[in-house]
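To start, the structure under review is shown below, and the notes come after it.
There are 2 protein chains.
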Amino acid sequence: MGVTKSDLFNEMQNELATVAKVLAHPARVAIIQHLLKSNACINGDLVQELGLAQATISQHLRELKSVGIIQGTIEGSRISYCINPVRWTEIKNQFNELFDQYPTAIPGECC
Amino acid sequence: MGVTKSDLFNEMQNELATVAKVLAHPARVAIIQHLLKSNACINGDLVQELGLAQATISQHLRELKSVGIIQGTIEGSRISYCINPVRWTEIKNQFNELFDQYPTAIPGECC
DNA sequence: AAAATACATCGTAATATTGCAATGTACTTA
DNA sequence: TAAGTACATTGCAATATTACGATGTATTTT
């Protein structure tokens, strides 16, 4: 099959999974970190930074945009990409809601 | 292709992506949440809880195990699964290291 | 020991992802 | 306006994921 039965799960589970999927590729993590480092916005010279083809970077950027974690603004013939701060915090909180459901580690407490 | 060029990225990026990939399916998020709710360890009656076949659940459990986020102990003919507290915290910190690289949202600050 | 139970693994079909060359679109400069 | 630049989209090949029936393995019960 290869098709996820998303109707079996609740909205939170589907949403978290969707965002996680976007983070589930090192190139996309690298893109995010690049945008973080250059705390000003940066355009698509990511092609130089990472060693991937222009079409590939463009595709990754689209996926990052699809969950709103980054946004792009047209700036002449170039496009400025940057983190979307509001969405960033939303996503951060979404993950921490899950992570905080478990108390901090007490080694050996488990089965 | 379909094969990730993981040699282009650093270890942190590859590791985070690997963990994110495991969280990138609602069934696996659901399994984790089920293990969290029943704060004692629970066995594989996840098949009942989620509406997936036994083989499918087993496969998801294996992926969760592969990054160490859960662990299973043989208990007679059954197997008890539970969160690995140490690894849980590690993963939580790994994500927050990324998330905390950006200050909390200041709407409209972006491009 | 035979049957039953619980889970893992294998094999396979359907679908999704990754990567890139080629091409399209929009702006810019000569 | 033509050529150049920056990025998106399309189309495709290689590979990965998802789901599950069938089967294997270990333990438990009868």
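So the protein lines, in turn, are chains A and B.
Quick note on the working numbering: the first sequence kicks off at 1355 and runs consecutively.
Quick note on the working numbering: the second sequence kicks off at 1355 and runs consecutively.
By construction, the Cβ of each residue, glycine as well, lies at the ideal position given by its N, Cα and C atoms.
9 angstroms Cβ cut-off: residues of chain B touching residue i
i             : result
lysine 1419/A : The premise fails here: lysine 1419/A is roughly 13 angstroms from chain B at the closest Cβ pair, so nothing lies under 9 angstroms.
Rounded Cβ spacing between residue i and residue j (contact assumed at less than 8 angstroms)
i              : j                 : result
leucine 1404/B : alanine 1384/B    : 6 angstroms
leucine 1390/A : glutamine 1455/B  : 5 angstroms
valine 1357/A  : isoleucine 1423/A : Actually they are not in contact, since the Cβ atoms of valine 1357/A and isoleucine 1423/A sit about 24 angstroms apart, beyond 8 angstroms.
Span separating the alpha-carbon of residue i from that of residue j
i                 : j                 : result
arginine 1432/A   : tyrosine 1435/B   : 51 angstroms
asparagine 1450/A : isoleucine 1445/B : 11 angstroms
threonine 1443/B  : isoleucine 1386/B : 14 angstroms
arginine 1441/B   : methionine 1366/B : 15 angstroms
arginine 1382/B   : proline 1457/B    : 30 angstroms
asparagine 1447/B : isoleucine 1437/A : 20 angstroms
glutamine 1402/B  : valine 1373/A     : 27 angstroms
glutamine 1408/A  : proline 1439/A    : 26 angstroms
glutamine 1426/A  : asparagine 1364/B : In the sequence as presented, glutamine is not what sits at residue 1426/A; that position holds glycine. Approximately 25 angstroms, taken between the alpha carbons.
glutamine 1413/A  : serine 1392/A     : 21 angstroms
serine 1420/A     : lysine 1359/B     : 22 angstroms
histidine 1388/A  : histidine 1388/B  : 36 angstroms
isoleucine 1428/B : isoleucine 1428/A : 57 angstroms
Host alpha helix (DSSP H) of residue i (start-end)
i                 : result
isoleucine 1445/B : 1439 to 1453
threonine 1372/B  : 1365 to 1377
valine 1383/A     : 1380 to 1391
lysine 1419/A     : 1408 to 1420
leucine 1404/A    : That residue, leucine 1404/A, is in no alpha helix (DSSP H); it is neither H nor E in DSSP.
Chain B residues whose Cβ lies nearer than 7 angstroms to that of residue i
i              : result
serine 1360/A  : Pro1380
leucine 1390/A : Gln1455 and Tyr1456
Partner residues on chain B for residue i, Cβ-Cβ distance less than 8 angstroms
i              : result
alanine 1407/A : Chain B residues near alanine 1407/A: none, gap ~10 angstroms exceeds 8 angstroms.
leucine 1415/A : Residues of chain B passing the Cβ test: none, with the nearest at roughly 14 angstroms.
leucine 1400/A : Within chain B, no residue comes near leucine 1400/A; the closest Cβ sits about 12 angstroms away, beyond 8 angstroms.
Sub-8 angstroms separation of residue i and residue j beta-carbons
i              : j                 : result
leucine 1400/B : isoleucine 1411/B : yes
proline 1380/A : asparagine 1368/B : yes
alanine 1378/B : alanine 1371/A    : yes
leucine 1406/B : leucine 1406/A    : no
7 angstroms Cβ cut-off: residues of chain A touching residue i
i              : result
valine 1383/B  : Gln1367, Leu1370 and Ala1371
leucine 1404/B : Leu1362
For residue i, the first and last residue of its enclosing beta strand (DSSP E)
i                 : result
isoleucine 1428/A : 1424 to 1429
Residue i: CB within 7 angstroms of a non-hydrogen atom of the ligand HEM
i              : result
glycine 1405/A : The ligand HEM is not part of the structure shown, which contains no ligands of any sort.
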